[in-house]
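So the sequences go chain by chain: P and U.
Take 35 as the starting number for the first sequence in the numbering used here and just add one per residue.
Take 35 as the starting number for the second sequence in the numbering used here and just add one per residue.
Just so it is clear, CB atoms sit at the ideal spot from N, CA and C, and this is done for glycine as well.
One structure is given here, and the rest of the page talks about it.
2 protein chains.
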Amino acid sequence: MSLKNVNQLSPIFKILGEPNRLRILCSLGLECRPVSDIVKATGMSQTNVSFHLRLLREAGLVRPERRGPYIYYCLPNGELLKILDQFSKWLDDKSYKMDVTEN
Amino acid sequence: MSLKNVNQLSPIFKILGEPNRLRILCSLGLECRPVSDIVKATGMSQTNVSFHLRLLREAGLVRPERRGPYIYYCLPNGELLKILDQFSKWLDDKSYKMDVTEN
DNA sequence: ATTATATATGAGTATACACACATATGAGCA
DNA sequence: TGCTCATATGTGTGTATACTCATATATAAT
């Protein structure tokens, strides 16, 4: 873990650190969905979804694709979901261990 | 990836999204180090290091351990570093692919 | 061309957050 | 006890950021 990695990773983590953005990613899963679907799925305002989609897009975490009047968004590949899942498992495991020890 | 995971993951990502915090974690690596070492290694002010250490501590990403006048900080285990490394590799791979395609 | 629908963008605002400065706590030693 | 060193905490401040409202753009249909 060098400085290069820090500069590479921290902007991505900053993006993922916003709950609504993470929810958007989760609502996509492996499918491509139009913005209106995301709005419905998350209950966020259309404006706010668009706002966060832009950041996700600029970070390369999501890819837009025009289909007629709709713009479908998708994850570039399934790897991110796998990594998130692994992270989540690590957290479960960690908190389990933390209960046993102290802090 | 459910809502539970989002609520669990996003605070952690928020913590990791701050470059200085990530640098602190990297400067620790697998070793335990006193705060003064971290200050030297990162070039940050003592106050600022303490500020970020508190957040890392409260998030369970770092564990304090008093040794005489010093307080040593360590990662709870090596897993986090592995995951960060994997994340970093994924990013390298992704940006490589993105150059080949478009966006 | 006009209208409707889908999405994006700009401006304004309130809140969160990183940081610095000053000071407090707590351990070890004279 | 008093002093020094290591670390933590409280307060203030500037800046970033999430959100809303109003409006712009782009596509499709009549």
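Cβ-based burial, residue i [other Cβ within 10 Å; buried from 16]
i: P:Tyr130; result: exposed
i: P:Gly51; result: buried
i: P:Ser44; result: buried
i: P:Arg55; result: buried
i: U:Val134; result: Confidence is the limiting factor: at U:Val134 the pLDDT is only 47, short of 50, which leaves the residue's position unreliable, though a coordinate-based value still follows. Burial call: exposed.
i: P:Arg101; result: exposed
i: U:Arg57; result: buried
i: P:Ser70; result: exposed
i: U:Leu87; result: buried
i: P:Ser61; result: buried
i: P:Leu90; result: buried
i: P:Leu114; result: buried
Minimum Cβ-Cβ distance from residue i to chain P less than 8 Å
i: U:Glu65; result: no
i: U:Met78; result: no
i: U:Ser70; result: no
Any non-hydrogen atom of the ligand COA within 7 Å of residue i CB
i: U:Pro98; result: What this structure holds is no ligand at all, so the ligand COA is not there to describe.
Chain P contact residues for residue i, given Cβ-Cβ distances below 8 Å
i: U:Phe85; result: Neighbours of U:Phe85 on chain P: none; closest Cβ ~17 Å, over 8 Å.
i: U:Gly102; result: Those within 8 Å of U:Gly102 in chain P number zero; the least Cβ separation is about 20 Å.
Chain U within 8 Å of residue i, Cβ atoms only
i: P:Arg88; result: no
i: P:Ile117; result: yes
i: P:Pro110; result: yes
Partner residues on chain U for residue i, Cβ-Cβ distance less than 9 Å
i: P:Glu113; result: Trp124, Asp127, Lys128
Under 7 Å from the C-beta of residue i: neighbouring residues of chain P
i: U:Lys48; result: Gly51
Cross-chain neighbours of residue i in chain U, by beta carbon under 8 Å
i: P:Val40; result: Pro53, Leu56, Arg57, Cys60
Can you confirm whether the segment 78–90 of chain P touches the segment 58–74 of chain U when touching is taken to mean that 3 or more C-beta pairs between the two stretches lie within less than 8 Å?
Taking a contact to require three or more Cβ pairs closer than 8 Å, the segment 58–74 of chain U and the segment 78–90 of chain P do not qualify as touching.
Check whether the segment 86–106 of chain U touches the segment 49–67 of chain U, taking contact to mean three or more Cβ pairs, one atom from each stretch, closer than 8 Å.
In short, these stretches touch, since the Cβ pair count reaches three.
Quick check for students: name the residue ranges of the alpha helix (DSSP H) that lie wholly in the segment 70–113 of chain U, counting only runs of 4 or more.
Segments of the alpha helix (DSSP H) lying fully in the segment 70–113 of chain U: 80–92.
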